[in-house]
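Heads up, the sequence shown is in this note's numbering, so the first residue is 2 and it goes up one at a time.
We treat Cβ as the ideally placed atom computed from N, Cα and C, and that holds for glycine.
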Amino acid sequence: MTFRFSAKFAATAAATFFAACAFAYSVTDAQGTRFDFEKPPRCATVVPAITQNIFAIGAGEYLLANSRYCDFPEEAKRKIKIGGYIDPDYEKIVSLKPDIFILPATADSRVARRLEKLGIKCFVLHGEGIANISADVRMLGKLFDLGKSAEKIAADFDDAVKPVNSGGGRRAFFMFGKMAAGRGTFAGNLLTACGLANCADKIGRPWAEVPREFVLAANPEIIFAECESEKSRAETERFFRTDPVWRTTAAVKNSRICFVPRDTVIVPSVRVAEALKIMRAFLLKN
Numbered sequence: 002m003t004f005r006f007s008a009k010f011a012a013t014a015a016a017t018f019f020a021a022c023a024f025a026y027s028v029t030d031a032q033g034t035r036f037d038f039e040k041p042p043r044c045a046t047v048v049p050a051i052t053q054n055i056f057a058i059g060a061g062e063y064l065l066a067n068s069r070y071c072d073f074p075e076e077a078k079r080k081i082k083i084g085g086y087i088d089p090d091y092e093k094i095v096s097l098k099p100d101i102f103i104l105p106a107t108a109d110s111r112v113a114r115r116l117e118k119l120g121i122k123c124f125v126l127h128g129e130g131i132a133n134i135s136a137d138v139r140m141l142g143k144l145f146d147l148g149k150s151a152e153k154i155a156a157d158f159d160d161a162v163k164p165v166n167s168g169g170g171r172r173a174f175f176m177f178g179k180m181a182a183g184r185g186t187f188a189g190n191l192l193t194a195c196g197l198a199n200c201a202d203k204i205g206r207p208w209a210e211v212p213r214e215f216v217l218a219a220n221p222e223i224i225f226a227e228c229e230s231e232k233s234r235a236e237t238e239r240f241f242r243t244d245p246v247w248r249t250t251a252a253v254k255n256s257r258i259c260f261v262p263r264d265t266v267i268v269p270s271v272r273v274a275e276a277l278k279i280m281r282a283f284l285l286k287n
């Protein structure tokens, strides 16, 4: 009787142990969907910010493929390319058989729906916004079982983007070509983190081409503009100084135009902390 009881207990314990091993850990994405993993999943994405954050936490080995636009860090260039966000190569994605496909939360869910129909599970991160960058880093840390390293990176980022009043409440634009970053955008959030008033907030859209009348009324005191190279920087500066409207603004008259390298601010990854450092240094001198 004792032997049979012991055998039964051992069998039950073994079954419980192997069941626990079958799902080593669980992670819930930003949409509340639960995923169970035996080990860190093999993944793919077509979003440069996600690629950058994956490498930032040391999970690059789990990234099977990314988009043609994922060029940072250097290792990202060597990953298999599967198109872009608006034109993913679904056939190639299916052939790679990733455990999950990582996407941000957006109003347009066509990519996710198509992938789900093809049998590819989509793990969804948060939407745009500077506060969501560290939240995504922490979520990726859980996803790849790298919570400790991810937490350090997220905490450092949170510390770097804490609002300071170096801008003194002055009026500012953050321009990407002719488009201004407005309320809710990560670039607009950088202005807030500098203690500046974002002129584009009044437009009421995240990204908008600024009407000339609006520029006149806003009269920005500071202009931040992304630039890809010295040539694009010179061309952008020439535009501001010769345009009949922009040249009348306080920012241009007082030479308060700050150029931010495009690769630090074009996507909402932890790299935007580099852009913020450049912006704050400019404000301290101006």
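- For MET280 and PHE158, the gap between their C-alpha atoms comes out near 16 Å.
- By the Cβ rule, the region 251-269 counts as touching the region 221-230, because three or more pairs are nearer than 8 Å.
- The DSSP-derived three-state label of CYS200 is helix.
- According to the DSSP assignment, LEU65 belongs to the beta strand (DSSP E) that extends over 64-67.
- Within the DSSP secondary-structure output, PHE175 pairs in a beta bridge with PHE225.
- The three-state reading of DSSP puts SER256 in coil, since its state is none of H, G, I, E or B.
- Distance from the CA atom of GLU214 to the CA atom of GLY84, rounded to whole angstroms, is 39 Å.
- The C-alpha of SER150 lies about 6 Å from the C-alpha of ILE58.
- Under the three-state reduction of DSSP, ALA25 is assigned to coil, being neither helix nor strand.
- By the criterion of a C-beta distance shorter than 8 Å, TYR91 is surrounded in its chain by ARG115, LEU116 and LEU119, once the five residues flanking it on both sides are discounted.
- Counting the other CB atoms within 10 Å of its CB gives GLY189 a total of 16 or more, which places it among the buried residues.
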